[in-house]
Amino acid sequence: PSAFRPRLIIYPLALLVVMSAFGFVLMSKQSFDVTPLRNLGSPFMQTEDGRIQNSMRFKIVNRGDETAFFQFQPLEPEIVTLDIGDQMVEVEPGKTIVQPMLVWTPKDVYRRGSREIQIRVSNSQDEEKIVTCKLVGPL
Numbered sequence: 039p040s041a042f043r044p045r046l047i048i049y050p051l052a053l054l055v056v057m058s059a060f061g062f063v064l065m066s067k068q069s070f071d072v073t074p075l076r077n078l079g080s081p082f083m084q085t086e087d088g089r090i091q092n093s094m095r096f097k098i099v100n101r102g103d104e105t106a107f108f109q110f111q112p113l114e115p116e117i118v119t120l121d122i123g124d125q126m127v128e129v130e131p132g133k134t135i136v137q138p139m140l141v142w143t144p145k146d147v148y149r150r151g152s153r154e155i156q157i158r159v160s161n162s163q164d165e166e167k168i169v170t171c172k173l174v175g176p177l
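If you count the sequence shown from 1, position 71 lands on 109 in our numbering, and the numbers rise without skipping.
Right, dumping it as structure tokens:
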């Protein structure tokens, strides 16, 4: 009987791969999470100037160890206008907040009553995330 068995190499190698994958996932996790939410009530309204206004909320989770300040910017500023009240949203470490936001777009950008937009969310630690939101509008 040989002293060399394939199990002596395969099992430690498999354990090394699993531990490396776990470490990579743990180290690459962002320190925040942002989730777009629909607001309750009327899904949209048309303003006096003909634009469509959607009312939304964003759930912001600060997973970091220090207070973070978040900024929201549309990736298509020529057709999307955002109003979040304050320019920077402050979230304490380990906390979750829900931030209301108004989104205005021209009436003619909607296809079959909906339009997807993308918003860049960046924090004070120079991390950013692109969030896709579905707006509703006229048919």
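Just so you know, even glycine gets a beta-carbon here, dropped at the ideal spot from N, CA and C.
In this text the structure is predicted, and so the values were computed from the model without any measurement.
Contact check, residue i vs residue j, beta carbons under 8 Å
| i | j | result |
| --- | --- | --- |
| LEU140 | SER66 | no |
| PRO74 | PHE107 | no |
| PHE42 | ASN161 | no |
| ILE98 | THR134 | yes |
| GLN163 | GLY102 | yes |
| ILE155 | VAL127 | no |
| PRO165 | GLN68 | One point to set straight first is that residue 165 is Glu, not Pro, in the sequence displayed. Yes. Within cutoff. |
Residue i: first and last residue of the uninterrupted alpha helix (DSSP H) it sits in
| i | result |
| --- | --- |
| GLN58 | The amino acid at residue 58 is misidentified as Gln; the sequence shows Ser. Unbroken alpha helix (DSSP H) run through SER58: 45-66. |
Range covered by the beta strand (DSSP E) that runs through residue i
| i | result |
| --- | --- |
| GLN163 | That residue, GLN163, is in no beta strand (DSSP E); it is neither H nor E in DSSP. |
| SER93 | 90-100 |
| ALA106 | 106-112 |
| VAL127 | 127-129 |
| THR27 | This structure cannot settle anything about residue 27, because the visible part of the chain is limited to 39 through 177. |
Rounded C-alpha distance that separates residue i from residue j
| i | j | result |
| --- | --- | --- |
| ARG150 | MET57 | 48 Å |
| GLN109 | VAL55 | 38 Å |
| THR170 | ASP121 | 17 Å |
| SER80 | ALA52 | 54 Å |
| TRP142 | ASN100 | 27 Å |
Supposed contact pair residue j and residue i - C-beta distance, whole angstroms, cut 8 Å
| i | j | result |
| --- | --- | --- |
| SER152 | VAL174 | 6 Å |
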